[in-house]
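Position 123, counted from 1, in the sequence shown is what UniProt numbering calls 123; the numbers after and before it change by one each time, with no gaps. Heads up, the beta-carbon is just placed ideally off N, CA and C, and yes, glycines get one too. Keep in mind the model is a prediction, meaning the values are calculated, not measured. Just below is one structure, and these are the notes that go with it.
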Amino acid sequence: MSNQELTTRWQGALMNNYGTPRLPLVRGEGVRVWDAEDRQYLDFVGGIATNALGHAHPAIVEAVGRQIASLGHISNFFMAEPTVALAERLLQLFGRDGRVFFCNSGAEANEAAFKIGRLTGRTHMVATEGGFHGRTMGALALTGQPAKQDPFRPLPPDVTHVPYGDAQALAAAVTEETALVIIEPVQGENGVVVPPPGYLKAARAITAATGALLVLDEVQTGTGRTGTWFAYQAHEGVLPDVVTLAKQLGGGLPLGATVAFGRAAELLRPGHHGTTFGGNPVACAAGLAVLDTIENEGLLENVKRQSERLRDGIEGLGHGLIDYVRGAGLLLGIVLTEPLAAQVQQAAQEAGFLVNAPAPDVVRLMPPLNLRDAEADALLSALPGILDAASGDGLSGA
Ligand code: PMP
1 MSNQELTTRW QGALMNNYGT PRLPLVRGEG VRVWDAEDRQ YLDFVGGIAT NALGHAHPAI
61 VEAVGRQIAS LGHISNFFMA EPTVALAERL LQLFGRDGRV FFCNSGAEAN EAAFKIGRLT
121 GRTHMVATEG GFHGRTMGAL ALTGQPAKQD PFRPLPPDVT HVPYGDAQAL AAAVTEETAL
181 VIIEPVQGEN GVVVPPPGYL KAARAITAAT GALLVLDEVQ TGTGRTGTWF AYQAHEGVLP
241 DVVTLAKQLG GGLPLGATVA FGRAAELLRP GHHGTTFGGN PVACAAGLAV LDTIENEGLL
301 ENVKRQSERL RDGIEGLGHG LIDYVRGAGL LLGIVLTEPL AAQVQQAAQE AGFLVNAPAP
361 DVVRLMPPLN LRDAEADALL SALPGILDAA SGDGLSGA
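Next up, the structure:
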């Protein structure tokens with residue numbers, strides 16, 4: 001099977017919702033993946049951060065195999081121990097009493113948060129410009145990216161978008177009628193945008209003053225990606241009412257969660273919401289394996305170490321195409337001095353590295369949390385050549 005053959009079959013059978021994918025992949029191990037022609041790549045995209053532990057991690061393989069061999073899917077009329085255990089484990093990591101709703105994706109986790117907001121009896125919601133919360137209609141209404149929203153208007157109404165990171169604009173938009181404010185601790189899809197210090201704390205104070213719920217969308221930042229279990233835990237004085245999770249929570253399996261605290265945890269009542277596969281024991285067993293492995297292998301520490309290694313290494317290259325590196329933990333954006341991110345992505349792939357380009361001038365890195373020194377160093381050594389190739393050689397630095 002050639003890469004071209006698989007691409008042609010893809011074009012004949014799949015809806016073209018993302019544009020033609022660049023590369024057919026057939027297997028993976030750790031941070032490595034192989035294409036249909038057996039060419040190897042180092043995967044610094046990690047399934048857009050779903051791949052907490054890399055590909056085919058033995059702990060995931062074992063947990064999924066064990067669970068599906070004993071009890072696979074059951075309906076929500078019944079319950080299974082891994083589902084309960086994962087909810088308990090998450091609440092323990094939050095260090096607070098609360099309630100968990102399990103679903104299958106980030107959009108669904110935010111859809112549940114949207115409904116929780118409506119159940120307060122208020123309808124107005126505040127979200128951020130450039131924010132991304134998913135493609136279902138409620139989540140899309142909260143998303144702040146007009147190009148993704150415009151084909152689907154009218155969306156659920158009464159959402160105000162404010163500039164991200166601007167506490168004054170937030171304070172001006174939130175009223176006594178506001179049900180919820182939803183914020184990503186770092187805007188991932190918008191190009192790894194980090195808010196100024198104190199922003200989340202201000203958001204907490206503003207929402208507390210008017211009785212609005214503070215929802216943190218940690219779909220991309222949660223479960224260890226930024227070096228703490230949840231990104232907000234690195235910010236003092238921030239206790240959200242709702243946190244949404246997905247992506248790497250399931251270690252590659254479809255798993256989302258809406259975690260609510262205090263009064264927000266009491267709003268969903270029987271009949272209000274549900275989804276057939278939510279809390280599926282196999283996905284939850286994978287989730288438990290992810291959390292256990294992060295803890296047992298000290299991966300939060302590894303995230304911090306590799307983050308510094310990559311940041312310092314990339315900025316230290318002194319390449320003319322690199323402005324600076326931003327982000328948190330292993331959610332990093334290389335900000336370029338020119339809008340050549342798509343070219344960098346292509347040149348990286350040709351050199352055997354998978355990265356992506358969420359903005360014209362930002363290259364995003366989201367490797368597995370168990371990235372090793374040698375793998376980070378491999379990217380650092382290859383990067384000058386990749387950047388030269390992307391800029392047509394014109395900009396190589398010192
Ligand atoms: N929220 C954030 C912050 C995300 O980054 C994403 C996915 N990129 C989503 C929600 C939607 O998640 P999903 O694709 O699993 O629906």
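Closer than 7 Å to some heavy atom of the ligand PMP: that describes the Cβ of Gly188.
Under the DSSP assignment, Leu249 falls outside any alpha helix (DSSP H); it carries neither an H nor an E label. Leu142 and His133 have their alpha carbons spaced roughly 6 Å apart. Runs of the alpha helix (DSSP H) spanning 4 or more residues and lying entirely within the region 188-225 occur at 199-210, in chain order. Taking all protein chains in view, the Cβ of Tyr41 is crowded by 16 or more other Cβ atoms within 10 Å, so the residue is classified as buried. With 16 or more other CB atoms across the displayed protein chains lying within 10 angstroms of its CB, Val355 is buried. Inclusion of Glu184 in the 7 Å shell around the ligand PMP follows from its C-beta lying nearer than that to a non-hydrogen atom of the ligand. At a cut-off of 4 residues, the continuous stretches assigned as alpha helix (DSSP H) that sit fully inside the region 141-179 are 146-149, 167-173. Not one heavy atom of the ligand PMP falls within 7 Å of the beta-carbon of Gln149. Taken through DSSP and simplified to helix, strand or coil, Leu14 comes out as coil. When only Cα atoms are considered, Phe114 and Cys103 end up about 14 Å apart. In this structure, Gly222 keeps its C-beta atom at 8 Å or more from the C-beta atom of Ser307.
Look at Ser105: its beta carbon is less than 7 Å from one of the heavy atoms in the ligand PMP.
Assignment of Glu88 by DSSP, reduced to helix, strand and coil, places it in the helix class. Residue side-chain check: Gln145 keeps its Cβ at 7 Å or more from all non-hydrogen atoms of the ligand PMP. Take Gln11, set aside five residues on each side of it, and the residues of its chain with a beta-carbon closer than 8 Å to its own are Thr20, in chain order. Considering only Thr50, Met1, Ala260, the residue with the shortest C-alpha distance to Leu213 is Ala260. For Pro358, the enclosing beta strand (DSSP E) has its first and last residue at 356-359. Relative to the ligand PMP, Ile68 has its C-beta separated by 7 Å or more from all heavy atoms. Under a 10 Å Cβ-count criterion, Gln92 is classified as exposed, with fewer than 16 other Cβ atoms of the shown protein chains found around its own Cβ. Judged by pairs of C-beta atoms under 8 Å, the region 320-335 touches the region 190-209, as three or more such pairs exist. Under the 10 Å beta carbon count, His272 is surrounded by fewer than 16 other beta carbons and is classified as exposed. Taking the CA atoms as reference points, Gly256 sits about 24 Å from Tyr164. Residue side-chain check: Gly191 keeps its Cβ at 7 Å or more from all non-hydrogen atoms of the ligand PMP. A distance below 7 Å between beta-carbons, with the five flanking residues on each side excluded, links Leu216 to the following residues of its chain, in chain order: Ile183, Pro185, Tyr232, Pro240, Val243.
Here the alpha carbons of Ala246 and Asn280 stand approximately 14 Å from one another. Gln248 is the residue among Gln248, Glu315, Ala265 whose C-alpha sits nearest the C-alpha of Thr293. DSSP links Asp43 through a beta bridge to Leu354. Residue pairing from DSSP places Tyr324 in a beta bridge opposite Val335. DSSP places Gly237 outside any alpha helix (DSSP H), giving it a letter other than H or E. With three or more CB-CB distances shorter than 8 Å, the region 374-392 counts as touching the region 317-325. In the three-state reduction of the DSSP assignment, Val100 falls in the strand class. Set against 7 Å, the gap from the CB of Asn302 to the closest heavy atom of the ligand PMP is not smaller.
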